[in-house]
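*Asks:* Just dropping this structure here.
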Amino acid sequence: MFHVVQHQPLRLIAQNSLSSMCLKLMLSRPAPFAQIWKSWFSSHSLVGNKNIILMGPPGAGKTTIGRVVGQKLDCPVIDIDDDVLETTWNMSVSEKLQDVGNEQFLEEEGKALLKFSASGSVISLTGSNPMHAAGMQHMKKNGIVVYLDVPTAVIMSRLKSMKVDRIVGQSPGVSLKDILQFRKQFYKRWYDIRVLCGGDIAPEIVAEKVLDAVKRYQNSELETFISTRSSRSGRSMEKDSHKYFSDVVTEGLAPDGGLFVPERGLPKFTTEEWQSLIEATYIERAQVILERCIHPADIPASKLAEIIGTAYGENFTCSRIAPVRHLAGNQFLLELFHGPTASFKDFALQMVPHIFAYCIPRSCNYLVLVATSGDTGSAVLDGFSRLHDTDKQRIAVMNFFPEDGVSPIQKSQMIGCQKENAWSVGVKSDFDFCQTAIKQIFTNSDYTGFLTVEYGTALAAANSINWARLLPQIVYHASAYLDLVHQDIIPFGSPVDVCIPTGNFGNILAALYAKMMGIPIRKCICASNENNVLTDFIRTGVYDLRGRKLIPTFSPAVDILKSSNLERYLHLIANEDGQLVAQLYNQLENQGHFQLQKDLLEKLQQDLVAGWCSEEDCLAAIHSVYSTTGYILDTHTAVAKVVADRLQDRTCPIIISSTAHYSKFAPAILRALRIAEIKQNPLSQLHLLSSYSPLPPVHWGLLETLKKKGNDDHHVCAADMSMLMSRIETLIQNHFM
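What follows is the structure, given as structure tokens:
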């Protein structure tokens with residue numbers, strides 16, 4: 001029986017049962033044994049006639065782990081080396097290799113696989129089986145391929161202890177390490193499930209991890225999402241309307257106005273699993289972390305790898321993607337501006353369009369709406385404009401930004417990033433109006449229903465209210481910590497603090513999520529500019545918008561008063577009490593304020609501290625850092641630097657998120673560096689900055705965008721809901737009809 005979840009890629013869940021003989025055996029055993037066998041009943045029934053196929057490099061422990069898994073499932077165990085190859089060839093594998101040589105050996109090995117068949121078994125492949133495409137395709141037809149991912153250094157150590165100095169495919173002059181690295185591409189091509197295996201993990205523990213991973217693979221229905229405002233009683237009544245990852249990517253905002261969060265929380269990594277990623281590249285870390293956060297029924301590992309490779313492969317100017325740079329003392333900068341639009345938003349928005357295109361149904365057109373306080377707009381326009389042409393025909397994006405509330409370069413960049421499926425609309429108001437307007441449009445069922453019926457077009461969100469936006473941000477916070485370990489700054493397990501310029505709370509929430517998943521982050525420091533509603537809230541527990549007006553600052557990306565993603569964090573510390581969250585946000589909407597209970601404030605202050613920075617201190621920090629180091633901070637990073645200086649206790653390293661490139665804020669930078677500011681166009685300002693040979697250099701992507709002609713061509717709307725809705729309808733007619 002196959003179960004297909006609506007609005008998603010096929011989520012196939014085979015439902016099988018144990019044979020009656022195994023069932024009788026289980027029931028006839030004494031009580032303790034019956035309990036043990038009962039615990040494995042679900043695993044065996046889910047595997048059914050499928051094989052569990054263990055794959056990995058030589059020395060990964062495939063044979064030993066396969067035997068343990070087979071014992072636990074009471075099913076046949078087949079070792080390809082011993083039970084297939086040597087039986088077929090009537091000689092040992094080493095003799096065959098000597099007899100025919102490397103290339104012919106791989107071909108003979110593949111032929112043996114093509115003649116092999118089994119069902120309901122645990123199969124341990126050879127280390128070289130995955131290098132034969134036809135043989136692996138044959139094996140995958142009736143199997144779940146589990147990749148035992150062991151760090152290369154561990155494999156080298158194991159092979160040395162086994163006195164193995166050469167493996168299949170290793171030509172003269174090629175080191176063992178190089179051939180192991182070469183083989184990884186084949187392992188990554190074929191696996192369905194990855195199991196991280198550290199250095200000295202017992203086979204029994206790895207076997208448990210294999211079975212847990214197979215259970216997860218076969219039980220996609222366990223990974224559902226709920227609204228931050230849903231009550232527990234309401235959830236129990238709505239079991240037939242589960243939301244999965246593909247659903248929340250498509251829908252963006254929950255129907256009740258809340259935000260989607262995973263019902264069972266985020267996955268936890270063990271210390272050994274994190275340590276296995278210390279030597280990994282950024283792309284490898286992203287693949288491992290996101291595989292655990294996105295069920296393969298929504299996005300298979302192979303497709304996820306393709307999306308990650310597309311997002312980070314060539315679009316970033318730095319090969320390390322998110323490098324960590326020592327600034328001074330115990331302070332380190334996490335550089336998040338090497339993407340095509342020069343801000344941290346690129347990490348999510350180079351990925352999310354491809355995730356979105358994969359997850360949505362093909363039967364409907366989609367218009368993605370986004371509100372920006374500065375950086376999101378150009379990032380989302382650039383990301384969606386990079387989709388394949390066929391996807392651009394059915395997916396378009398509309399970006400709303402405060403017409404007079406972003407920097408001149410940010411505005412030029414957003415307008416310059418417009419493409420045939422990506423448009424910018426300036427709104428004569430502030431960011432909070434733009435964000436609130438989008439939320440109201442999404443919850444207006446009459447309007448969204450009209451668009452669907454009349455134009456065959458559904459709406460979706462690309463702001464950080466969309467769950468998929470947060471996941472790539474978790475990766476760079478985890479990666480920054482692992483980089484400090486890799487650079488021998490700290491041993492794994494030693495704590496760090498992080499300081500993040502914060503407006504909508506998405507970036508700092510991702511750091512809190514990384515902490516929950518096992519990264520040793522001690523405190524998350526929330527850095528505000530003069531719009532310091534979050535700082536006041538974290539210090540007092542009172543979120544109060546009464547009498548507050550948005551103050552335009554040099555750091556416009558955090559010129560925000562209504563912080564959307566804070567809702568997800570409050571839901572977390574309130575033990576998923578959706579009724580309480582709904583009550584707080586209804587009060588905020590109707591009365592302009594709310595106050596946390598004392599116990600929740602205490603929980604919050606265990607994770608968070610906060611401070612704010614004036615405009616004068618922001619510019620002074622930019623000047624001071626440049627004078628002492630030659631490095632130019634952008635205005636948002638300067639806000640974080642000022643707050644970090646005030647709040648850190650210097651007992652551990654502090655990682656400051658450098659969320660944007662200074663090139664985006666040239667007038668403020670020129671003023672901070674006390675360079676005579678002439679009223680020039682944005683491109684001239686960048687050329688002026690570049691003449692000072694700054695560190696890092698002026699951002700190439702900005703220069704290219706600003707050189708484009710027509711950088712003043714965009715629509716402008718009044719702060720009126722009916723006008724915004726009319727503009728949406730007009731653009732739908734122009735693009736999709």
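Going by UniProt numbering, 482 is the number at position 482 of the sequence shown; the sequence numbering is gapless.
For glycine and all other residues, C-beta sits at the position ideal for the given N, C-alpha and C.
1) Determine the extent of the beta strand (DSSP E) in which E576 is found, giving its start and end residues.
2) Near A732, what residues of its chain come up, given a Cβ to Cβ distance below 7 Å and the 5 sequence neighbours on each side ignored?
3) Based on the DSSP secondary-structure assignment, which residues constitute the bridge partners of A660?
4) Report yes or no: do three or more beta-carbon pairs, one from the stretch 380-399 and one from the stretch 666-677, lie closer than 8 Å?
5) Taking the C-alpha atoms as reference points, what is the distance between A437 and L561?
6) Under a Cβ-count criterion, where at least 16 other Cβ atoms within 10 Å of its own Cβ denotes burial, should H388 be classed as buried or exposed?
7) What does a CB cutoff of less than 6 Å around Q440 pick up in its chain, not counting 5 residues either side in sequence?
8) Whole-angstrom Cβ separation of L85 and V122, contact assumed at under 8 Å?
9) What runs of the alpha helix (DSSP H), each 4 residues or longer, lie entirely inside the UniProt domain "Threonine synthase N-terminal" (239-312)?
10) Taking I80 as the reference, give the member of M136, G101, V100 with the closest Cα.
11) Using alpha carbons as the reference points, say which of Y147, D165, D200 lies closest to T185.
12) Within 10 angstroms of its Cβ, does N421 collect 16 or more other Cβ (buried), or is it exposed?
13) If you check the beta carbons only, do G143 and K215 fall under 7 Å apart?
14) On the criterion of 16 or more Cβ atoms from any shown chain inside 10 Å, does L695 qualify as buried, or is it exposed?
15) Name the two residues that bound the continuous alpha helix (DSSP H) containing D165.
16) Can you tell which of V206, W89, I465 has its C-alpha closest to the C-alpha of Y569?
17) Quick one: what does DSSP say I632 is sitting in, helix, strand or coil?
18) Please classify C359 as buried or exposed, where buried requires at least 16 other C-beta atoms within 10 Å of its C-beta.
19) So, is W700 buried or exposed, given that buried needs 16 or more other C-beta atoms within 10 angstroms?
20) Roughly how many angstroms separate the alpha carbons of I654 and I519, rounded to a whole number?
21) Since I believe P682 is in contact with S412 (beta carbons under 8 Å), could you give me their beta-carbon distance rounded to a whole number of angstroms?
22) Tell me the residue span of the beta strand (DSSP E) that contains G611.
23) I need the straight-line Cα distance from S564 to R539, nearest angstrom please.
24) Helix or strand or just coil, what does DSSP make of C22?
25) Taking P501 as part of the alpha helix (DSSP H), name the residues at either end of that continuous run.
26) Helix, strand or coil for P32 per DSSP?
27) Helix or strand or just coil, what does DSSP make of Q595?
28) Between which residues of its own chain and W89 is the CB-CB distance below 7 Å, once the five residues before and five after are set aside?
29) Using a Cβ-Cβ cutoff of less than 6 Å, which residues in the same chain neighbour D483 once the five nearest sequence positions on both sides are dropped?
30) Closest to H132 by C-alpha separation, out of A153, L106, D536, K140, would be which residue?
31) DSSP on L196, reduced to helix/strand/coil?
32) With a threshold of 16 other CB atoms inside 10 Å of the CB of A286, please say whether the residue is buried or exposed.
33) Going by DSSP in three states, D483 sits in which element: helix, strand or coil?
34) In the DSSP assignment, what are the bridge partners of Y455?
35) Thinking C-alpha only, which one of V475, D178, G416, Q104 is nearest M517?
36) Kindly identify the DSSP beta-bridge partner or partners of A422.
*Replies:* So, to answer that:
1) No beta strand (DSSP E) contains E576, which DSSP labels as neither H nor E.
2) Per the sequence shown, the amino acid found at residue 732 is Ile instead of Ala. Same-chain partners within the cutoff: L367, L451, Y455, T457.
3) S343
4) no
5) 15 Å
6) exposed
7) none
8) Not quite, the Cβ-Cβ distance comes to about 17 Å (not below 8 Å), so this is no contact.
9) If we require 4 residues or more, the alpha helix (DSSP H) runs fully inside the UniProt domain "Threonine synthase N-terminal" (239-312) come out as 245-251, 271-275, 282-293, 301-312.
10) M136
11) Going by the sequence as given, residue 185 is Gln instead of Thr. The shortest C-alpha separation from Q185 is found at Y147.
12) buried
13) no
14) exposed
15) Following the DSSP letters along the chain, one finds D165 in no alpha helix (DSSP H), marked with neither H nor E.
16) I465
17) In the structure shown, I632 falls within a coil segment according to DSSP collapsed to helix, strand and coil.
18) buried
19) Classification for W700: exposed.
20) 14 Å
21) 5 Å
22) 608-612
23) 18 Å
24) The pLDDT assigned to C22 is 33, lower than 50, so where the model puts this residue is not dependable; a value taken from the coordinates is nonetheless given after this. Of the three classes helix, strand and coil, the one that applies to C22 here is helix, per DSSP.
25) Per DSSP, P501 belongs to no alpha helix (DSSP H); it is in the beta strand (DSSP E), 496-501.
26) Summary for P32: the model assigns pLDDT 40, below 50, so the residue's position carries little reliability; its value from the coordinates is reported in the next sentence. Note: P32 maps to helix in three-state DSSP.
27) Secondary structure of Q595 (DSSP, three-state): strand.
28) K96
29) V324
30) L106
31) In this structure, L196 counts as strand in the three-state DSSP scheme.
32) Around the C-beta of A286, 16 or more other C-beta atoms lie within 10 Å, and the residue is accordingly described as buried.
33) helix
34) Looking at the DSSP assignment, Y455 forms no beta bridge with any residue, so it has no partner.
35) V475
36) In the DSSP output, where bridge partners are listed per residue, A422 has V397, K419.
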